[in-house]
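See below for the structure under consideration.
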Ligand code: AMP
Ligand code: MG
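In the numbering used here, the protein residues as written are 874 to 1144.
Now the structure itself:
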């Protein structure tokens, strides 16, 4: 099963989210089987991250977008957990500060892009500037409508500089989201996450889906593809994201650098 092919948004194609099933499991029906594949992917990811770091030639940027309770935090924890924290940086993009708002929308984002050898994870991203900003009319259409072009140019710039970009939209159904938001109210250990605004945002679900469809359709490119990950089942979401990351990193054909010195000439002194 090639997950990259199955879930990619083909560049230039229009996406219909209604036609993408958030319950899809690619024929994998046992959690046990999924857990075994995920464990193997953890090992592969850890080794690939080591190579990326050692090679020090390129970077990996993972962008995560989803509706509230869509599973961004869980994906980071369950998929990236075993990766060496030294080689990885997570950036969560919140409501912009007054200083951030006084710059162009990519200003705060550029600074967070991983340098060579590193993995960067965006928990939300510059796509909020064509999602929440568009749906909640935080900027006029004349402003946000130009941003798709700016985003494509920005991501092209990063790709030309050796940053490999993979973008995941974690696709949960509206009913599943409601269950998760309600679960936050029922579990005292999750109360801190409960936010009455999340329920209000559900009024705009259709507008959000339309905004996502536009962002996914206009901004999935060869150098920075979007993937729509079925995310109603957390175990499958983790499996699919881990598979695509492994497939992406393996396709880079990374090599350990040649040692510049002849290690056989090193005298091991026993002082
Ligand atoms: P959370 O991910 O639950 O911590 O919430 C972060 C909030 O910040 C979400 O409601 C986002 O929609 C909001 N946010 C992130 N980026 C932007 C942005 N560029 N403009 C407006 N709101 C944003
Ligand atoms: Mg939230």
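No residue lacks a Cβ here, since even glycine has one placed at the ideal position from N, Cα and C. All values reported here derive from a predicted model rather than from experimental measurement.
Setting aside the 5 residues that flank it on each side, residue 1111 is surrounded in the same chain by 911, 948, 951, 952, each with a C-beta closer than 7 Å to its C-beta; the list follows chain order. Here residue 1066 has 1057 as same chain residues with Cβ atoms under 6 Å from its own Cβ, once five neighbours each way along the sequence are excluded. Secondary structure note for residue 1040: its beta strand (DSSP E) is the uninterrupted segment 1036-1044.
CA-CA distance, residue 982 to residue 1049, rounds to 30 Å. When rounded, the separation of the alpha-carbon atoms in residue 1091 and residue 885 is 7 Å.
Residue pairing from DSSP places residue 996 in a beta bridge opposite 937, 965.
In the three-state DSSP reduction, residue 927 falls in the helix class (H, G or I). Counting only runs of 4+ residues, the alpha helix (DSSP H) found wholly inside the region 997-1022 occupies 1005-1008, 1014-1017, in chain order. Contact between residue 931 and residue 1037 is confirmed by a C-beta separation of about 6 Å, below the 8 Å threshold. Just so you know, the alpha carbons of residue 923 and residue 1129 end up roughly 9 Å apart. If you ignore the 5 residues before and after residue 965, its C-beta comes within less than 7 Å of the C-beta of 996, 997, all in its own chain and listed in chain order. Residue 895 is positioned such that its CB atom lies closer than 8 Å to that of residue 1105. A straight-line Cα-Cα distance of about 26 Å links residue 1115 and residue 1051.
The continuous alpha helix (DSSP H) containing residue 949 extends over residues 945-953.
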